[in-house]
Amino acid sequence: MAWQQHFSTWGQGFTVAIGAVMMVAVGSGANATLESASSADPSLEIVAVSATGTGMVNDRPNGAIAQAAPSPTLCPPDLSATLNTIVSQPRFATAQWGIVVEPLTDTSPLYSHNAETLMIPASNIKLLTTAAALRIVGSRSPQDLNQLRQWIDPVNRNSDNRAADALLRRIGGQHAVRQALLPLGIDPEGYQQVDGSGLSRQNRMRPATLVTLLKAMAAHEDTGLFYASLPVGGVSGTLRNRFRDSPLQGRVRAKTGTLQGVRALSGYVQNGDYGEIAFSLVINQPGQTGTVMVQTIDQMVLHISQVQRC
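The following block contains the structure:
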């Protein structure tokens, strides 16, 4: 079957995958809007980060990142010391952190912690699924790439689990993902993919693999569909209420990941000196609250945005 014919058959499958949605109000009064929330990460905790510290997490006050903001600039050794201090806090004594921070234009990481450890990535596994789909469609029928946007965007931006699993099936499963990503330098030993959505706790991925994927897609994906599909901090998708009214609003594009005892954020942050920095921040800590994990990840991203060459 030609790719054009195969692609045209996706509609029915994806109507089932993303058709039954629950609409939720975002905002209040005249500014309230309706957004799809049916298949997003099932235990997603929305974090509103504001300069005044009035954000709420599950109706509990949320300490804003601005309240604990570091100095405006950090040298790379300072960034390493700061992130080391964070992951060494007593409340993370039972946690497993996996972190890689690497500028798009450099080959050496600014920071690395358990970079080669296989972690539970939650919905960060969707990055594999969507990147592979773009590679497969682009190689077979480049003119159809823009049509793929309607499937890629719900998976990455809104973390639609059913659409992600359907997408993985449509492109040929895990074997097709491996074959599509090998030319990008993605080592199959760097991940274990069980599903397209990340709901399974049997999924595993190295933070280093996530950053390699992010950098490869930034370098090789001419259409920009992958980058554009990621939520924007304080603006869209699963990041619409994180980083809002902070120095990072509009400067972070990243995929969230949420399971009980798991939080992840992998993507790109704009930096005044380095340009864009690719990062992967993953924490596996059963028993830790989502609030603590999300706030800590967001503070780390703020530090990363402030590092400078010095």
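FYI, in this note's numbering the residues of the sequence shown are 755 to 1064.
A virtual CB, placed ideally from N, CA and C, is assigned to each residue, including glycine.
CB A1018 to CB A876, shorter than 7 angstroms?
-> Closer than 7 angstroms, so yes.
In terms of residues, what are the limits of the beta strand (DSSP E) holding A1065?
-> For residue 1065 there is no data in the structure shown, the boundaries of the chain being 755 and 1064.
At what residues does the beta strand (DSSP E) containing G743 begin and finish?
-> Absent from the model: residue 743. The displayed extent of the chain is 755 to 1064, so no value can be given.
Proximal residues to R1005 (C-beta, below 7 angstroms), its chain only, five neighbours per side dropped = Within the same chain, Cβ atoms closer than 7 angstroms to the Cβ of R1005 are found at G987, V1023, Q1024, S1059, the five residues on either side in sequence being excluded.
Return the Cβ separation of Q1039 and A849 in integer angstroms, given the expectation that the two are a contact with Cβ distance under 8 angstroms.
-> So it is a contact: roughly 4 angstroms between Cβ atoms.
If we call anything under 7 angstroms between Cβ atoms a contact, is G1021 one with L984?
-> Taking the C-beta atoms as reference points, L984 is found nearer than 7 angstroms to G1021.
For M1054, which of L858, A847, F980, Y865 has the nearest alpha-carbon?
-> M1054 has its Cα closest to that of Y865, out of L858, A847, F980, Y865.
According to the Cβ coordinates, are T1089 and L922 closer than 7 angstroms?
-> The requested residue 1089 is not part of the displayed model; the chain covers only 755 to 1064.
Going by CA-CA distance only, name the one from A835, V948, A917 that's closest to R932.
-> Proximity to R932 across A835, V948, A917 peaks at V948, based on C-alpha coordinates.
Hey, how far is the Cα of R889 from the Cα of P844?
-> In this structure, the straight-line span from the alpha carbon of R889 to that of P844 is close to 43 angstroms.
Express the C-alpha separation of F1033 and V801 in angstroms, rounding to a whole number.
-> Caution applies to V801, whose pLDDT of 35 falls short of 50 and renders its modelled position unreliable; the model cannot decide the point.
State yes or no: is the C-beta of N878 within less than 7 angstroms of the C-beta of G1011?
-> Yes. Within cutoff.
Beta-bridge partners of K1009, as assigned by DSSP = For K1009, DSSP records a beta bridge to S1020.
By how many angstroms is the C-alpha of V1048 removed from the C-alpha of M873?
-> If you take the alpha carbons of M873 and V1048, they lie about 17 angstroms apart.
Which residue from P857, R916, A930 puts its Cα closest to that of V891?
-> Comparing alpha carbon positions, the residue from P857, R916, A930 closest to V891 is A930.
Roughly how far, in whole angstroms, is the beta-carbon of L1056 from the beta-carbon of L964, given that I think they are within contact range, below 8 angstroms?
-> Between L964 and L1056 the Cβ distance is about 20 angstroms, and since that is not below 8 angstroms, they are no contact.
Figure out for me which residue from C829, L833, E856, W851 has the closest Cα to the Cα of G1029.
-> Among C829, L833, E856, W851, the Cα nearest to that of G1029 is on E856.
Reduced DSSP category for N995 - H, G, I as helix; E, B as strand; rest coil = Note: N995 maps to coil in three-state DSSP.
Compare the Cα-Cα distances from S1000 to each of D1052, T992, L902 and report the closest residue.
-> Cα-wise, what sits closest to S1000 is D1052.
Is it right to say S913 is buried, meaning 16 or more other beta carbons lie within 10 angstroms of its own, or is it exposed?
-> The residue is buried, with at least 16 neighbouring Cβ atoms inside 10 Å.
Between the beta-carbon of L953 and the beta-carbon of A886, is there less than 7 angstroms?
-> It is not a contact, given that the beta carbons lie outside the stated cut-off.
Given a cut-off of 7 angstroms, decide if Y981 and M959 are closer than it, judged by their beta-carbon atoms.
-> Contact: no.
S954: first and last residue of the uninterrupted alpha helix (DSSP H) it sits in | Segment: none, S954 is in no alpha helix (DSSP H) and carries neither H nor E.
Of all the options T966, G926, R924, which has the alpha carbon lying nearest to the alpha carbon of D941?
-> That would be T966, whose Cα lies nearest to the Cα of D941.
So, are the CB atoms of L938 and A970 less than 7 angstroms apart?
-> Using a Cβ distance threshold of 7 angstroms, L938 and A970 count as a contacting pair.
Rounded C-alpha distance that separates S895 from Q928 | As the crow flies, the alpha-carbon of S895 is around 21 angstroms from that of Q928.
Quick one: what's got a C-beta closer than 6 angstroms to R1063's C-beta in the same chain, skipping five residues either side?
-> Close CB contacts of R1063 within its chain, under the 6 angstroms cut and outside five residues either way in sequence, are with D1027 (chain order).
So, using beta-carbon positions, are V1036 and G852 closer together than 7 angstroms?
-> Less than 7 angstroms separates the beta-carbon of V1036 from that of G852.
Buried versus exposed, by CB contacts within 10 Å (16 or more), N957 = By the neighbour-count definition (other C-beta atoms within 10 Å, threshold 16), N957 is a buried residue.
L828 in three-state terms, based on DSSP | DSSP places L828 in strand when its eight states are reduced to three.
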